[in-house]
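**Q** Please find one structure pasted underneath; my questions will follow.
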């Protein structure tokens, strides 16, 4: 008996549990792609798998729907892998440990991958349902959505004849997304001005950690006022370099995903032994200062300094000039909301998130995720990041550039979804645009005239160990999709 046995819709949760049994983080999707193909084979559903691992499956029209236009159902197979501190699970090789409580599904110590594993499970359940009444279905399962929509970018969309698409990659039940921002990743590298050297004899080595932040999705939660650990630790280190002339960076690392607000960051530093008592007081003061600043949005924030050793112990450090150059750049790189929409109340128009940073013997490396509803503002903000990096003596490159998804004033698919939703709930759905990126923009750009809506069940805390999926909401959404297909 599986952990999700007994939950309804049974087929949906059966497939979801199978998906969760194998690792499927972004960039590590070979096993999940193969598993989906195996399940399609078991159903006898025709499908193709491309070199990237994307899958397109084809379900013929049910009786009476043979002359109807096809419908595309779409979701992505990869997930963001995030763990609690102290969690020992290797998410690159192990599946998830599911739990059920309080009407929610969670994963022990890790993110759940409901974004977007539940979409894959629902589509598989629909494909396996011989009683389903619907037009022809073209089911698209993509890879690596979370790291730049690389799967959708590589997909041969000429295989698709449908021009109506239901994307199942949203997280609020009753909210229909009809437009989204475009985005681009900017990778930066700043080389060292001087070769690394060994820390001075007798210097103390400290590991400074900033942690306890909520983090979150940089598209969905960038406007919540949450702290970014990279930015905050850079701020602490910048003032420390001003206060302690002997301070040298040895390491600065934080973040795993560019589209996640960084929740923890660490720096390893060297400084003179006579400065240690004052330095520890400085860190304690910084901890209290940030606690006051973020008591509403990140009450768990902490800054700690732990002495690693009294001697250099073979530790290499950056020069004073490189140390200052690195932390100064991290301080000025843009983070957060840059502009709000004047047309849609409450919608973030343009933002940037520095999601990853690391140092090595060659210098400093970072990645920022830029989003905007306006291509011109996306370009301008990416240019600011590039200019700052160049000013620090570094260089940048771009990847994962994806277009925004424009709102359609006339949408027959949206009309049917709204009608069915109101009949089932007695309420009007919320029609919205979002700041987060969706693959819909790439599909709309390639499939001219595409009529598309993005929907999803209730989910909270995506891309974090707090992620949870509403069980009853999954059932309602599945019923909504089945009924909508019947009416197309």
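Numbering (the numbering used here), first residue to last: 16 to 503.
Idealized CB from N, CA, C, for every residue including glycine.
A quick note: this is a predicted structure, and the numbers were derived from the prediction, not measured.
#1: DSSP on residue 445, reduced to helix/strand/coil?
#2: If distances are taken between C-alpha atoms only, which option among 269, 60 and 227 comes closest to residue 315?
#3: Work out the CA separation of residue 243 and residue 259 for me, nearest whole Å.
#4: Helix, strand or coil, according to DSSP, for residue 182 in the structure here?
#5: Of the residues 65, 264, 457 and 392, which one's Cα is nearest the Cα of residue 343?
#6: Alpha carbon to alpha carbon, what distance is there between residue 33 and residue 24?
#7: Give me the residue from 124, 148, 125 and 90 with the minimum Cα distance to residue 138.
#8: Just confirm the distance between the C-beta atoms of residue 345 and residue 245, as a whole number of angstroms; I'd bet it's less than 8 angstroms.
#9: To the nearest angstrom, how far is it from the Cα of residue 148 to the Cα of residue 493?
#10: Is it right to say residue 373 is buried, meaning 16 or more other beta carbons lie within 10 angstroms of its own, or is it exposed?
#11: Under the assumption that residue 511 contacts residue 98 (Cβ atoms under 8 angstroms), give the Cβ distance between them as a whole number of angstroms.
#12: Report the CB separation of residue 71 from residue 155 in whole angstroms; it is logged as a contact under 8 angstroms.
#13: So, helix, strand or coil for residue 457, using DSSP?
#14: Which of the three DSSP states is assigned to residue 258 in this structure?
#15: Report all residues from its chain with a CB closer than 6 angstroms to the CB of residue 496; omit the five preceding and five following residues, and keep chain order.
#16: Which value, in whole angstroms, describes the spacing of the CA atoms of residue 321 and residue 368?
#17: Buried or exposed for residue 68, going by 16 or more other Cβ atoms inside 10 Å?
#18: Span of the alpha helix (DSSP H) holding residue 46?
#19: Hey, which unbroken runs of the alpha helix (DSSP H) at 4 residues or more fall wholly within the region 262-335?
#20: Just tell me which of 429, 421, 432 and 452 has its CA closest to the CA of residue 385.
#21: Where does residue 238 fall in DSSP's three states?
#22: Does the Cβ-Cβ distance between residue 284 and residue 262 come in under 8 angstroms?
#23: Could you tell me the boundaries of the beta strand (DSSP E) in which residue 107 lies?
#24: Let me check understanding here. Comparing Cα to Cα, which of 449, 256 and 414 lies closest to residue 420?
#25: Do the region 176-196 and the region 421-436 touch if we need at least three Cβ pairs shorter than 8 angstroms?
**A** Here's the rundown:
#1: strand
#2: 227
#3: 24 angstroms
#4: strand
#5: 264
#6: 15 angstroms
#7: 90
#8: So it is a contact: roughly 6 angstroms between Cβ atoms.
#9: 14 angstroms
#10: exposed
#11: A query on residue 511 cannot be resolved here, the shown segment of the chain reaching from 16 to 503 and no further.
#12: 5 angstroms
#13: helix
#14: helix
#15: none
#16: Straight through space, the alpha carbons of residue 368 and residue 321 are spaced by roughly 28 angstroms.
#17: The residue in question, residue 68, is buried, as its Cβ has 16 or more Cβ neighbours within 10 Å.
#18: 45-58
#19: 291-308
#20: 452
#21: coil
#22: Yes, the pair counts as a contact, with Cβ atoms nearer than the cut-off.
#23: Unbroken run through residue 107: none, as it is neither H nor E.
#24: 449
#25: yes
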